[in-house]
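Following: one structure in structure tokens, then a few remarks.
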Amino acid sequence: MKKILVCIKRVVDYNVRVRVKPDESGVMLDGLKMSVNPFDEIALEEALRIKERGTNAEVVAVSIGVADTQQQLRTALAMGADRAILVQTDQPIEPLTAAQTILAVVRKENPDLVLLGKQAIDDDANQTGQMLAALWDRPQATYASKLELDGAKATVTREVDAGLETIEVDLPAVVSVDLRLNEPRYVKLPDIMKAKKKPLDVVSLESLGVAPAVWLKAVKTQPPAQRQKGVMVKDVAELVDALKKKGLI
Amino acid sequence: MSKILILGEHDGKTLNPSTHKCVTCAKAIAGAEITVLVLGADTAAVAAQAASIHGVHHVLRVDRPENAHPLAATFAPQIAALAPAYTHVFGPSTSFGKDLTPRVAALLGVPQVSDLMAVEGAHRFRRPIYAGNAIVTVEADAARILVATVRVASFEAAAATGGSAAVASRTLDVVLPTHTRYVGSRSGSTDRPDLQTAARVVSGGRALASAENFKLLYDLADKIGAAVGASRAAVDAGYAPNEMQVGQTGKIISPEVYIAFGISGAIQHLTGIKDARTIVAVNKDPEAPIFEVADLGLVGDLFQVVPEISRILGA
Numbered sequence: 001m002k003k004i005l006v007c008i009k010r011v012v013d014y015n016v017r018v019r020v021k022p023d024e025s026g027v028m029l030d031g032l033k034m035s036v037n038p039f040d041e042i043a044l045e046e047a048l049r050i051k052e053r054g055t056n057a058e059v060v061a062v063s064i065g066v067a068d069t070q071q072q073l074r075t076a077l078a079m080g081a082d083r084a085i086l087v088q089t090d091q092p093i094e095p096l097t098a099a100q101t102i103l104a105v106v107r108k109e110n111p112d113l114v115l116l117g118k119q120a121i122d123d124d125a126n127q128t129g130q131m132l133a134a135l136w137d138r139p140q141a142t143y144a145s146k147l148e149l150d151g152a153k154a155t156v157t158r159e160v161d162a163g164l165e166t167i168e169v170d171l172p173a174v175v176s177v178d179l180r181l182n183e184p185r186y187v188k189l190p191d192i193m194k195a196k197k198k199p200l201d202v203v204s205l206e207s208l209g210v211a212p213a214v215w216l217k218a219v220k221t222q223p224p225a226q227r228q229k230g231v232m233v234k235d236v237a238e239l240v241d242a243l244k245k246k247g248l249i
Numbered sequence: 001m002s003k004i005l006i007l008g009e010h011d012g013k014t015l016n017p018s019t020h021k022c023v024t025c026a027k028a029i030a031g032a033e034i035t036v037l038v039l040g041a042d043t044a045a046v047a048a049q050a051a052s053i054h055g056v057h058h059v060l061r062v063d064r065p066e067n068a069h070p071l072a073a074t075f076a077p078q079i080a081a082l083a084p085a086y087t088h089v090f091g092p093s094t095s096f097g098k099d100l101t102p103r104v105a106a107l108l109g110v111p112q113v114s115d116l117m118a119v120e121g122a123h124r125f126r127r128p129i130y131a132g133n134a135i136v137t138v139e140a141d142a143a144r145i146l147v148a149t150v151r152v153a154s155f156e157a158a159a160a161t162g163g164s165a166a167v168a169s170r171t172l173d174v175v176l177p178t179h180t181r182y183v184g185s186r187s188g189s190t191d192r193p194d195l196q197t198a199a200r201v202v203s204g205g206r207a208l209a210s211a212e213n214f215k216l217l218y219d220l221a222d223k224i225g226a227a228v229g230a231s232r233a234a235v236d237a238g239y240a241p242n243e244m245q246v247g248q249t250g251k252i253i254s255p256e257v258y259i260a261f262g263i264s265g266a267i268q269h270l271t272g273i274k275d276a277r278t279i280v281a282v283n284k285d286p287e288a289p290i291f292e293v294a295d296l297g298l299v300g301d302l303f304q305v306v307p308e309i310s311r312i313l314g315a
């Protein structure tokens with residue numbers, strides 16, 4: 001294991017509740033706290049643990065986005081990534097374009113493993129890892145809750161609807177991670193200082209030969225239908241009675 | 001006219017209800033001609049089930065030994081070889097479909113619409129973003145094959161009978177990769193209904209405080225024929241296995257009734273239950289956010305409430 005590429009997306013912090021713009025043109029993002037996509041943080045933590053297990057793999061964090069995405073890459077460097085690459089663009093990037101862009105980085109970097117979150121918590125698309133694996137013509141192991149490396153192979157336990165599934169993949173491969181793979185470390189202040197000196201390359205989308213495309217047109221963005229608040233019952237007897245009346249139990 | 005290819009989900013014996021829900025979604029596109037595709041080692045049984053779904057016009061079988069397990073790397077090139085004869089490819093938003101469908105889209109060089117929740121036209125759909133806090137209407141280019149996953153909680157299952165589609169077997173001249181291999185599966189298989197499709201769901205949160213205490217919920221569930229779910233907090237704490245997790249990052253469900261015990265109602269959990277017909281919440285904390293969305297609420301200690309419900313029902 002010589003090199004691991006970890007994909008990082010800058011998203012609205014998971015504690016922030018977004019609101020829809022009154023003109024339905026999108027969601028209000030101005031001034032909101034931005035963070036590393038929590039699933040990508042788990043992916044990075046896994047890469048660092050592989051490195052620290054003695055493989056001494058180089059961990060490279062890559063992101064696509066606006067100039068301010070450097071903040072999230074600095075967080076990745078503070079967590080322990082060795083260097084970072086920002087593919088800078090002001091265009092909104094859809095998953096297929098993201099996969100094409102990461103593929104271009106993969107072609108340059110030749111990693112043994114690409115780790116990323118199973119989905120980003122903004123568009124909830126859950127596509128980029130699978131698309132990258134397809135374009136790269138390499139294995140994908142999505143929703144990983146356990147990752148074991150053995151030479152040129154990886155054994156991955158996946159969280160699926162029926163329980164857990166284990167697959168074996170040849171490396172290089174794309175592994176998308178689920179919640180229970182690990183618990184990411186906290187960043188310590190000295191590490192933040194150290195991260196400032198680590199290399200962070202900024203390249204343009206165009207320099208990688210990727211044309212940003214609008215694949216899907218967002219016509220309008222609306223708030224979800226709200227559920228009405230119901231009634232409170234005073235005791236168990238009343239609850240059971242109400243459920244029976246509705247024919248629910 | 002729209003020709004829609006639905007990726008049938010099955011375990012070799014039984015077609016998953018997610019397929020029936022995709023059929024309902026496809027029917028919402030006017031004049032759609034619907035084909036269900038089943039890949040497997042021997043799909044005779046599941047193909048027959050697909051053929052009898054109301055509204056299905058054709059069933060395609062692709063049987064080969066490499067298809068014994070649904071590996072995206074193996075399935076995707078076969079689906080991509082068939083797709084150009086269709087205008088749409090739909091997979092379910094289950095772990096099967098979410099894993100597979102984007103790989104198909106990328107092979108075709110087209111985008112994917114994830115979690116399609118409403119059809120507004122052959123190429124215009126609504127889907128949730130930001131954990132369901134916003135709903136975006138998207139429009140795709142009609143000149144390309146439209147690949148999508150269907151949010152199964154948003155659609156009723158099409159009737160399993162009433163259809164009489166023709167079943168055809170196809171042999172595909174596609175070289176399959178050997179870089180991805182199935183090793184095995186583990187499931188907490190129980191006699192209880194499947195969480196994703198159950199009409200009744202009983203669910204527990206961190207307040208259950210231990211895996212042993214979840215037995216209270218299993219007992220109640222068995223009494224009323226319910227599936228059992230859990231909040232992310234309960235799963236993270238090890239009280240319940242991952243396949244029981246309900247929420248944005250777990251299962252998104254739409255039962256007739258969802259009964260939540262000791263679940264506060266984090267946004268990501270509510271995302272998973274918004275489509276339940278009736279939500280019942282029992283919580284010690286009268287300020288718990290789950291009461292904001294509950295149709296029936298009871299402030300109380302679950303350790304007293306659950307046994308009492310069981311006692312009243314048992315009598």
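In order, the protein sequences belong to chains A and B.
Mind the numbering: the first sequence is residues 1 to 249 in the numbering used here, read in order.
Mind the numbering: the second sequence is residues 1 to 315 in the numbering used here, read in order.
Don't be surprised by glycine CBs; every beta carbon is placed ideally from N, CA and C.
For residue i, the residue or residues it bridges with in DSSP
i, result
"Cys25 (chain B)", "Beta-bridge pairing links Cys25 (chain B) to no other residue."
"Leu147 (chain A)", "A:Val156"
"Arg127 (chain B)", "B:Val136"
"Ala61 (chain A)", "A:Val6, A:Ala84"
"Ser176 (chain A)", "A:Leu116"
"Ala141 (chain A)", "A:Val175"
"Pro92 (chain B)", "B:Val150"
"Tyr258 (chain B)", "B:Val201, B:Ile279"
"Tyr182 (chain B)", "A:Ile167"
"Ser164 (chain B)", "Per DSSP, none; premise fails for Ser164 (chain B)."
"His10 (chain B)", "B:Leu15"
"Phe63 (chain B)", "The sequence given here places Asp at residue 63 (chain B); Phe does not occur at that position. For Asp63 (chain B), which the question treats as bridged, DSSP gives the partners B:Gly40."
"Glu33 (chain B)", "B:Lys3"
"Thr128 (chain A)", "Beta-bridge pairing links Thr128 (chain A) to no other residue."
"Asp201 (chain A)", "A:Ile85"
"Met34 (chain A)", "A:Val12"
"Met232 (chain A)", "B:Gly297"
"Leu135 (chain A)", "According to DSSP, which records beta bridges pairwise, Leu135 (chain A) is partnered with nothing at all."
Element boundaries [alpha helix (DSSP H), containing residue i]
i, result
"Pro95 (chain A)", "95-109"
"Ile79 (chain B)", "72-82"
"Ser154 (chain B)", "Here Ser154 (chain B) belongs to no alpha helix (DSSP H), and DSSP marks it neither H nor E."
"Asp222 (chain B)", "214-224"
"His269 (chain B)", "267-273"
"Val240 (chain A)", "236-245"
"Ala43 (chain A)", "38-50"
"Asn190 (chain B)", "Note that residue 190 (chain B) corresponds to Thr in the displayed sequence, not to Asn. Thr190 (chain B) -> no alpha helix (DSSP H), and no H or E assigned at all."
"Val237 (chain B)", "Just to set this straight, residue 237 (chain B) is Ala in the shown sequence, not Val. Element bounds for Ala237 (chain B): n/a, residue is neither H nor E."
"Leu189 (chain A)", "189-195"
Same chain, Cβ closer than 7 Å to residue i, neighbours up to 5 away in sequence not counted
i, result
"Pro128 (chain B)", "Asp115, Met117, Ile135"
"Gly230 (chain A)", "none"
"Val119 (chain B)", "Cys25, Ala28, Ile29, Phe125"
Outcome for residue i when other beta-carbon atoms lying within 10 angstroms are tallied against a minimum of 16
i, result
"Glu9 (chain B)", "buried"
"Tyr143 (chain A)", "buried"
"Met1 (chain A)", "buried"
"Gly209 (chain A)", "exposed"
"Gly54 (chain A)", "exposed"
"Pro84 (chain B)", "exposed"
"Met131 (chain A)", "buried"
"Thr271 (chain B)", "buried"
"Asn15 (chain A)", "exposed"
"Arg158 (chain A)", "buried"
Cβ-based neighbour list, residue i, same chain, cut-off 6 Å, excluding 5 preceding and 5 following
i, result
"Thr87 (chain B)", "Ser2, Lys3"
"Ala157 (chain B)", "Pro17, His20, Lys21"
"Leu313 (chain B)", "Lys223"
"Ala142 (chain B)", "His123"
"Thr253 (chain A)", "The shown model of chain A, from 1 to 249, leaves out residue 253 (chain A), and the question about it has no answer."
"Val299 (chain B)", "Pro286"
Close-in-space but distant-in-sequence residues of the same chain around residue i (CB under 8 Å, 5 per side omitted)
i, result
"Val6 (chain A)", "Asp40, Ala43, Leu44, Ala47, Val59, Val60, Ala61, Val62, Ala76, Ala81, Val114, Leu115, Leu116"
"Gln71 (chain A)", "Arg10, Met34"
"Phe41 (chain B)", "In the sequence under discussion, the amino acid at residue 41 (chain B) is Ala, which differs from the Phe named in the question. So the qualifying residues of the chain are Gly12, Asp63, Arg64, Pro65, Asn67, Ala68."
"Lys21 (chain A)", "Val27, Met28, Thr221"
"Ser204 (chain A)", "Val87, Gln88, Thr89"
"Arg83 (chain A)", "Glu58, Val60, Ala61, Leu77, Lys198, Pro199, Leu200, Asp201"
"Ser95 (chain B)", "none"
The beta strand (DSSP E) enclosing residue i, as first and last residue numbers
i, result
"Ser310 (chain B)", "Run containing Ser310 (chain B): none in the beta strand (DSSP E); it sits in the alpha helix (DSSP H), 302-314."
"Thr75 (chain A)", "No beta strand (DSSP E) contains Thr75 (chain A), which is instead part of the alpha helix (DSSP H) from 70-79."
"Ala114 (chain B)", "Reading off the sequence, residue 114 (chain B) comes out as Ser, not Ala. Taken as a continuous stretch (DSSP letters only), the beta strand (DSSP E) holding Ser114 (chain B) covers 112-116."
Does the segment 179-198 of chain B come close enough to the segment 281-290 of chain B to have 3 or more Cβ pairs within less than 8 Å? no
At a cut of 8 Å, does the segment 262-269 of chain B reach the segment 231-239 of chain B through at least three beta carbon pairs? yes
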